[in-house]
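Engineer: First residue of the sequence shown? That's 1 in our numbering, and the numbers climb one at a time after it.
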Amino acid sequence: MHSQQRRDSRFVARLKQKLGISLGLFYLYDARPLNGVRTCVLPVAERARLTFSLVTPSYNQGRYIGETINSVLSQSYPLLEYVIQDSLSADETPEVIASFHDPRLRAFYEKDTGQANAINRGFLRTSGDIMAYLNSDDLLLPDALTQVAAYFEANPDVDALYADRLIIDEQSNVIGHWRLPAHSSAVTRVVDYVPQETLFWRRSLWEQAGGKLDDTLQFAMDWDLVLKFQSVGANIAHIPVFTGAFRVHASQKTQAALTAGKREMRHVRNRYTRRSAQYFLFPLHVLYLFRHVMLDARPLE
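#1: Going by DSSP, what residue range makes up the beta strand (DSSP E) through ASP86?
#2: Cβ of LEU180 within 8 Å of Cβ of ASP157?
#3: If you run the structure through DSSP and keep just helix, strand and coil, what is TYR133?
#4: Go to PRO181, then tell me how far its beta strand (DSSP E) extends in each direction, as first and last residue.
#5: Could you check where the beta strand (DSSP E) with PHE306 kicks off and where it finishes?
#6: Count the other CB atoms, across all protein chains shown, that sit within 10 Å of the CB of GLU95; report buried if there are 16 or more and exposed otherwise.
#7: Please classify GLN171: is it buried, with 16 or more other beta-carbons within 10 angstroms of its beta-carbon, or exposed?
#8: Give the DSSP-derived three-state secondary structure of PRO156 in the structure shown.
#9: Can you pull the DSSP bridge partners for ALA107?
#10: To the nearest angstrom, how far is the alpha carbon of SER204 from that of LEU295?
#11: Just to confirm the assignment, what range does the beta strand (DSSP E) spanning SER89 have?
#12: Considering only their Cβ atoms, is the gap separating LEU28 from GLY244 smaller than 8 Å?
#13: Out of curiosity, what's the CA-to-CA distance linking THR51 and ASP143?
#14: Nearest CA to the CA of ALA186: which residue from VAL174, THR113, HIS285?
#15: Spell out the partners DSSP gives THR56 in its beta bridges.
#16: If you run the structure through DSSP and keep just helix, strand and coil, what is PHE280?
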């Protein structure tokens, strides 16, 4: 069964590459330096007004978490509170966290029931205007917070936003990217293309949507959150810049338990959209992918 699933996955990946579709794929080209990629191009606000609340859930990612923390604390945007919620890591994680001395960073060490539960605990300790979470192996790209704040300031009607994604390997070299079309609430009901590490939202929306991630979920809590936002009428936007990097590595949860993750995604999909309606959204999905291919035709700068 599992070998058949792997063969099917390889076939789908090859077909996507032939069609020029990078969404859902993670190994797209030979590794290149991360610092050689231009990431942010939007105009920025003259003065910082919005405060960011970022949470990193942490458990035994000592190899990567230092780079994650540095990507947050090195942001040029000044108004930031950063919480690391660690589930009693047994590796070098506590020592890595302790090596950072920055008043914007607070770390808490306590057992949780999973990633979503850790994120919920972390957010309870924050009070900023704009919220996001960053996993302990992913990165914010330079000036990401400045770009996000500028967009929220210029568009007060926008409740949440996300951006484009770089994909990096274990050595933090770029091995792929996702360029996305404008947000489609219809397509998002049936497939998750929102890069989690680029997703930001207003605290007012978080509270309106219940103020917590579904901590019964272990894989698709980010998609469930976006669909929950949509269900309360959120105005969600996509901005055409790279603001985050998603790391692919062997010990990653999404790689180690792909089958369970797919099962959970089906559960989330069916929670928000009747199965009969999902088939009628297929043409919109095809159109979305066509727009993605047109956008992705230009080379990565």
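Just so it is clear, CB atoms sit at the ideal spot from N, CA and C, and this is done for glycine as well.
Note that the coordinates shown come from a computational prediction; the quantities given were computed from them, not determined experimentally.
Structural biologist: Put simply:
#1: From DSSP, the beta strand (DSSP E) with ASP86 extends over 80-86.
#2: Result no, Cβ atoms of LEU180 and ASP157 do not sit closer than 8 Å.
#3: Look at TYR133 here: in three-state DSSP terms it is strand.
#4: First-last for PRO181: undefined, no H or E at that position.
#5: This structure cannot settle anything about residue 306, because the visible part of the chain is limited to 1 through 301.
#6: Counting C-beta atoms within 10 angstroms of its own C-beta, GLU95 has fewer than 16 neighbours from the protein chains shown and is therefore classed as exposed.
#7: Taking all protein chains in view, the Cβ of GLN171 is surrounded by fewer than 16 other Cβ atoms within 10 Å, so the residue is classified as exposed.
#8: Residue state, collapsed to three classes: coil.
#9: According to the DSSP secondary-structure assignment, ALA107 is paired through a beta bridge with ILE84.
#10: Answer to the nearest angstrom: the Cα atoms are 32 Å apart.
#11: That residue, SER89, is in no beta strand (DSSP E); it is neither H nor E in DSSP.
#12: no
#13: 15 Å
#14: HIS285
#15: ILE84
#16: helix
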